[in-house]
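The block underneath contains the structure these notes are about, expressed in structure tokens.
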Amino acid sequence: MSRADLVVVANRLPVDRVEGPDGEPTWRRSPGGLVTALEQVMQNLDGAWVGWGGKPDLDVEPFEFDGTVLVPVPLSRDDLRDYYEGFSNGTIWPLYHDVIAAPVYKRSWWDAYVRVNRRFAEAAAKHVQDGGFVWVQDYQLQLVPQMLRELRPDVTIGYFHHIPFPAYSLFAQLPWRRQVLEGLLGADVIGFQRVEDAGNFQRSIRRLLHYPTKGETVTVPTIEDAARTVISRSYPISIDANHFLELAQRPDIIARAQSIREQLGAEKLMLGVDRLDYTKGIRHRLKAYGEMLADGRITGKDATLVQIASPSRPGVEAYQELRDEIEMSVARINGDYSTVETTAIRYLHQGYPREEMVALYLAADVMLVTALRDGMNLVAKEYVAVRADNTGVLVLSEFAGAADELGSALLVNPHDIEGTKDILSRSLQMPVAEQARRMKTMRKKVFDNDVVKWGQRFLDDMETSRARRNDA
Ligand code: GDG
Numbered sequence: 010m011s012r013a014d015l016v017v018v019a020n021r022l023p024v025d026r027v028e029g030p031d032g033e034p035t036w037r038r039s040p041g042g043l044v045t046a047l048e049q050v051m052q053n054l055d056g057a058w059v060g061w062g063g064k065p066d067l068d069v070e071p072f073e074f075d076g077t078v079l080v081p082v083p084l085s086r087d088d089l090r091d092y093y094e095g096f097s098n099g100t101i102w103p104l105y106h107d108v109i110a111a112p113v114y115k116r117s118w119w120d121a122y123v124r125v126n127r128r129f130a131e132a133a134a135k136h137v138q139d140g141g142f143v144w145v146q147d148y149q150l151q152l153v154p155q156m157l158r159e160l161r162p163d164v165t166i167g168y169f170h171h172i173p174f175p176a177y178s179l180f181a182q183l184p185w186r187r188q189v190l191e192g193l194l195g196a197d198v199i200g201f202q203r204v205e206d207a208g209n210f211q212r213s214i215r216r217l218l219h220y221p222t223k224g225e226t227v228t229v230p231t232i233e234d235a236a237r238t239v240i241s242r243s244y245p246i247s248i249d250a251n252h253f254l255e256l257a258q259r260p261d262i263i264a265r266a267q268s269i270r271e272q273l274g275a276e277k278l279m280l281g282v283d284r285l286d287y288t289k290g291i292r293h294r295l296k297a298y299g300e301m302l303a304d305g306r307i308t309g310k311d312a313t314l315v316q317i318a319s320p321s322r323p324g325v326e327a328y329q330e331l332r333d334e335i336e337m338s339v340a341r342i343n344g345d346y347s348t349v350e351t352t353a354i355r356y357l358h359q360g361y362p363r364e365e366m367v368a369l370y371l372a373a374d375v376m377l378v379t380a381l382r383d384g385m386n387l388v389a390k391e392y393v394a395v396r397a398d399n400t401g402v403l404v405l406s407e408f409a410g411a412a413d414e415l416g417s418a419l420l421v422n423p424h425d426i427e428g429t430k431d432i433l434s435r436s437l438q439m440p441v442a443e444q445a446r447r448m449k450t451m452r453k454k455v456f457d458n459d460v461v462k463w464g465q466r467f468l469d470d471m472e473t474s475r476a477r478r479n480d481a
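When we follow the working numbering, the leftmost residue of the sequence shown carries the number 10, and every step to the right adds one.
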């Protein structure tokens, strides 16, 4: 198999292994934020993708899928427990999301993280062309850039961080903080969602490693030659806005949206779509909504809340507890405020096809994105993309990266329950002209900076970095 010009390295391959009609295992493209974001970029290049195949102990040879070479990295059950559920989702995820849940620091998890990151780095090193590009994705693989640089000093390495990078005072808790920074600094281009994330990263570099930073660059001293310049800046990720718009114009999806509306038994539909994750602020949202019903500010006839909470990380204890808490509050609120004819909250702990998500976005008068902390939040952008008639209200947390671009949403501090209730009331009463004014501004942002632009900006910076190295 020939080596690739661009190798993407991500925790997961962009496919799921499923059984075909003849019982033989085959691969199917999987939905999800990152896959959606990269599929466009990859289609135009001679690319390979290194990632886990989604099943423990799955050890299969690289294969071609839709023009991309897919390189499965095997992970055992122990690797998944310690590297994925442990260090990635029990240590880094809560720490980087402002310790909404308490991070757990376990040395055996760190050891597994190092071991598994090395496996990913070795796979990437094997499949990249001489002088090619490797683009590493996200917090599960922060050590890969440095490990890869040691194996393949000829390649240009990019790293994109999909989640927040925390303030120094929080990052400093991490017992392996220096190793993580050195790991990331193996890259030539380090991308973050927000300007603030890039700033937090650079502050940690100055405080812990004492490397100089200037503007969007970090100067990394090396033993063998002149210091290396690393670019670290923000590249706010986006969606394939035209694809969402096309779905929103399909007659069957429009009909489905209408049928959802007709069956509601309420005048307005408020919608939440989140992975069941403590960062998404689902509990706070339910609290505000339940209090509005209790205060009589709304009744089940005025509005109903549809909350999709797609199953996520069921092996991590904090997620099991969160699920119990959310399901208890939904049951309480429904018990107190639903009637035979109306349902206060329709709670769906299921994943849905993208078509159904778009029908829901079309049916929703108000979209609730009230994350306590979120790198970007693509759901907010998807809602905006499908609202071609400029109706609908986006309620958006100040703590989601998307708020930097979508300042015309109704911004909310989800910790402030009274403030959230006021914003929810306002969202239900917003005049159509105001909806249109806000929606137009947001739609322009989302269509101007779509995922193809995002990928192109990042790859352009990798090109520039390679050219600079070749000149040096
Ligand atoms: C991370 C960062 C950052 C959700 N449920 C279903 C479904 N989804 C889709 C949504 C959206 C994606 O999954 C979720 O993306 P988000 O951005 O909202 O959140 P995370 O999963 O936490 O993603 C985040 C992102 O990476 C990209 O950098 O924005 O901040 O945390 O596209 O529509 N899709 C389908 N069925 C579902 O049930 N088909």
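Every residue gets a Cβ at the ideal spot worked out from N, C-alpha and C, and that includes glycine.
Under the DSSP assignment, Pro81 falls in the beta strand (DSSP E) whose first and last residues are 77–81. With fewer than 16 other Cβ atoms from the protein chains shown falling within 10 Å of its own Cβ, Met337 counts as exposed. Beyond the five residues adjoining it in sequence on each side, Val153 comes within less than 8 angstroms, by CB distance, of Val18, Asn126, Phe129, Ala130, Ala133, Val145, Tyr168, Gly192, Gly195 in the same chain, given in chain order. Around Arg259, the same chain offers no residue with a beta carbon nearer than 7 angstroms, after the five sequence neighbours per side are excluded. The C-beta of Val16 has 16 or more other C-beta atoms within 10 Å across all chains shown, which makes the residue buried. In the structure shown, Ser117 falls within a helical segment according to DSSP collapsed to helix, strand and coil. Residue pairing for Ala13: DSSP places it in a beta bridge opposite Val137. Taken atom to atom, the span from the alpha-carbon of Gln182 to that of Leu278 is near 42 angstroms. Counting of Cβ neighbours within 10 angstroms places Thr348 among the exposed residues, the total staying below 16. By the Cβ-count criterion, Ile354 is buried, with 16 or more other Cβ atoms from all chains shown falling within 10 Å of its own Cβ.
A Cβ-Cβ contact shorter than 9 angstroms links Glu350 with Gly274. Secondary structure within the stretch 264–312: the alpha helix (DSSP H) runs of 4 or more consecutive residues, fully enclosed, are 291–304 (chain order).
Between Phe174 and Asp206 the beta-carbon gap is near 4 angstroms, inside 8 angstroms, which marks them as a contact. Look at Pro260 here: in three-state DSSP terms it is helix. Annotation for Leu285: Ile291, Ala318, Ser319, Pro320, Ser321, Tyr328, Leu331, Arg332, Ile335, His358 place their beta carbon closer than 8 angstroms to its own, counting only its chain and skipping 5 residues before and after. The beta carbon of Ala409 sits closer than 8 angstroms to at least one heavy atom of ligand 1. Bounds of the beta strand (DSSP E) holding Val24 are 24–28. According to the DSSP assignment, Tyr177 belongs to no beta strand (DSSP E) but to the alpha helix (DSSP H) extending over 177–180. The distance from the Cβ of Ser178 to that of Gln211 is about 15 angstroms, inconsistent with a contact at the 8 angstroms cut-off. In the three-state reduction of the DSSP assignment, Tyr356 falls in the strand class.
The closest heavy atom of ligand 1 lies less than 8 angstroms from the beta carbon of Thr288. Relative to ligand 1, the beta carbon of Met451 is positioned no closer than 8 angstroms to any heavy atom. Residue pairing of Phe467 in beta bridges, as defined by DSSP: absent, with no partner found. At least 9 angstroms separates the beta-carbon of Asp383 from that of Ala418. Here the C-alpha atom of Arg475 lies approximately 18 angstroms from the C-alpha atom of Asp55. In the structure shown, Ala394 falls within a helical segment according to DSSP collapsed to helix, strand and coil.
Residue pairing by DSSP places Pro34 opposite Glu28 in a beta bridge.
For Glu73, there is no enclosing alpha helix (DSSP H); the enclosing beta strand (DSSP E) covers residues 72–74.
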